[in-house]
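Mapping the sequence shown onto my numbering, position 15 (from 1) lands on 30, and the numbers just tick up by one.
Don't be surprised by glycine CBs; every beta carbon is placed ideally from N, CA and C.
Data first, discussion second: the structure below is written as structure tokens.
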Amino acid sequence: MSVPTTPDPHRTPDPAADTRLGGRTALVTGAASGIGRACALRLAAAGARVRALDRDSAGLGTLAGEAAGLPGTVEPHVLDLTDLDAAEAAAAGADILVNNAGLQLVRPIEEFPPETFGTVLTVMLQAPFRLIRGALPHMYAQGWGRIVNISSVHGLRASPYKSAYVAAKHGLEGLSKVAALEGAAHGVTSNCVCPGYVRTPLVERQIADQAAAHGIPADRVTEQVLLADSAVKRLVEPEEVADAVLYLCHPSASFVTGTSLIMDGGWTAH
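Structure follows, in structure tokens:
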């Protein structure tokens, strides 16, 4: 049996790539690392002016340096998405909105801290609602907009010990569909991208929690837990998710709305 080839996780956008997003303003949350970083760089490579939001100021500084020389720009904005009013204000004037920021805690429901459950839903569901709310007036006024919500296979399927994350992602799927139905008459599309486990700091931090929850060594978590239901036995690379986001932002995707682009290595084929 052949082993799937893993894309180069360190590849950077090609400055000569498609620049059809020139002149567009994109906002990406959770942009300092992982999927958000990859999306910010990919959109800037396509010519967009990217507002990169994160609470990690150092990570944003590194991102801005990585974007030097691309056709578009990356502008760092330090913001904690639990400040919902600030989040809504930050989205004003955005042509493209990528709701990516997230957090995770792996615990049984009876041990799950209620305050953490609330924080997860604030960052991963309430904040996307407020960001969409802030972005839509401009999108509607110009008759064009792209909303891309980074959901997850956990927006479609549940796993034990992830009550807050699964609840937030399921809610995000519904919010995205409502935005698609309301935005269609105004030239605004809204879609989700649903990856399986992505090689990000968020996933790496889960491994110890998953090992404790399932009672197995950490070095067996990726194979026996994370990839147990995936036909393709590797993690998704952030750049692969960013490529899907870029597609949904292109003019050629104007008829794609209210749906979920699943990149789960066959997980949901079961």
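So who's on the other strand from PRO91, going by DSSP bridges?
Partner(s): ALA67.
Identify the continuous alpha helix (DSSP H) that holds ARG161 and give its terminal residues.
Element bounds for ARG161: not the alpha helix (DSSP H) but the beta strand (DSSP E), 160 to 165.
On the premise that LEU42 lies in contact with ALA105, defined as a C-beta separation below 8 Å, what is that separation, rounded to the nearest angstrom?
7 Å
Along the chain, where does the beta strand (DSSP E) that runs through ALA41 open and close?
40 to 44
Nearest to LEU99 by CA position, among HIS185, GLY38, THR44, is which residue?
THR44
Got a sec? Which residues, its chain only, sit under 6 Å from LEU242 by beta carbon, not counting five neighbours each side?
LYS248
Let's test the definition: count the other Cβ atoms within 10 Å of the Cβ of PRO123 and tell me whether it reaches 16, buried, or not, exposed.
exposed
Alpha carbon to alpha carbon, how far is HIS265 from PRO86? Give it in angstroms, no decimals.
The alpha-carbon atoms of PRO86 and HIS265 are separated by roughly 16 Å.
Taking contact to mean at least 3 C-beta pairs separated by less than 8 Å, is the region 272 to 279 in contact with the region 250 to 263?
yes
Please report how far the alpha carbon of ASN114 lies from the alpha carbon of TRP282, in whole angstroms.
Each residue's Cα considered, the two are about 23 Å apart.
Report the option in ALA59, LEU196, LYS184 whose CA atom is closest to the CA atom of ARG172.
In terms of Cα proximity to ARG172, the closest of ALA59, LEU196, LYS184 is LYS184.
Closer than 8 Å is the cut-off here; do at least three beta carbon pairs connect the region 123 to 133 with the region 77 to 85?
As far as the Cβ criterion goes, the region 123 to 133 does not touch the region 77 to 85, which means the pair count is below three.
Please classify PRO143: is it buried, with 16 or more other beta-carbons within 10 angstroms of its beta-carbon, or exposed?
buried
Quick one: grab the DSSP three-state call for LEU85.
coil
From ASP71 to LEU217, what does the alpha carbon distance come to, in whole angstroms?
14 Å
Taking Cβ positions, are THR34 and ASP110 nearer each other than 7 Å?
no
With DSSP run on the structure shown, which of helix, strand or coil describes PRO313?
One cannot answer for residue 313 here, as it falls past the ends of the chain, which runs 16 to 285.
Output the distance between the C-alpha atoms of ALA46 and GLU103, rounded to the nearest integer angstrom.
17 Å
What residues are listed by DSSP as bridge partners for PRO210?
Per DSSP, MET278.
Spell out the partners DSSP gives THR204 in its beta bridges.
ARG161
Hey, VAL307 and ILE162 are a contact pair by Cβ (cut 8 Å); roughly how many whole angstroms apart?
Here the chain has residues from 16 to 285 only, and residue 307 is not among them.
Given ILE231, which residues of its chain have a CB within under 7 Å of its CB, disregarding the five upstream and five downstream residues?
GLN239
Could you check where the beta strand (DSSP E) with ILE222 kicks off and where it finishes?
ILE222 -> not in any beta strand (DSSP E); alpha helix (DSSP H) instead, spanning 216 to 229.
What's the gap between the Cα of ALA235 and the Cα of ARG220?
The residue you asked about is not Ala; residue 235 is Arg in the sequence shown. Rounded to whole angstroms, ARG235 to ARG220 spans 14 Å at the Cα level.
Look at the alpha carbon of HIS25 and the alpha carbon of GLN157, and state the distance between them as a whole number of angstroms.
Residue confidence for HIS25 is low, a pLDDT of 47 falling below 50, so the modelled location carries little weight and cannot support an answer.
What's the C-alpha gap between GLN225 and GLU125?
16 Å
So which of SER178, ALA199, HIS153, GLY211 has the shortest CA-CA distance to THR134?
SER178
May I have the straight-line CA-CA distance separating GLY170 from ALA101, to the nearest angstrom?
26 Å
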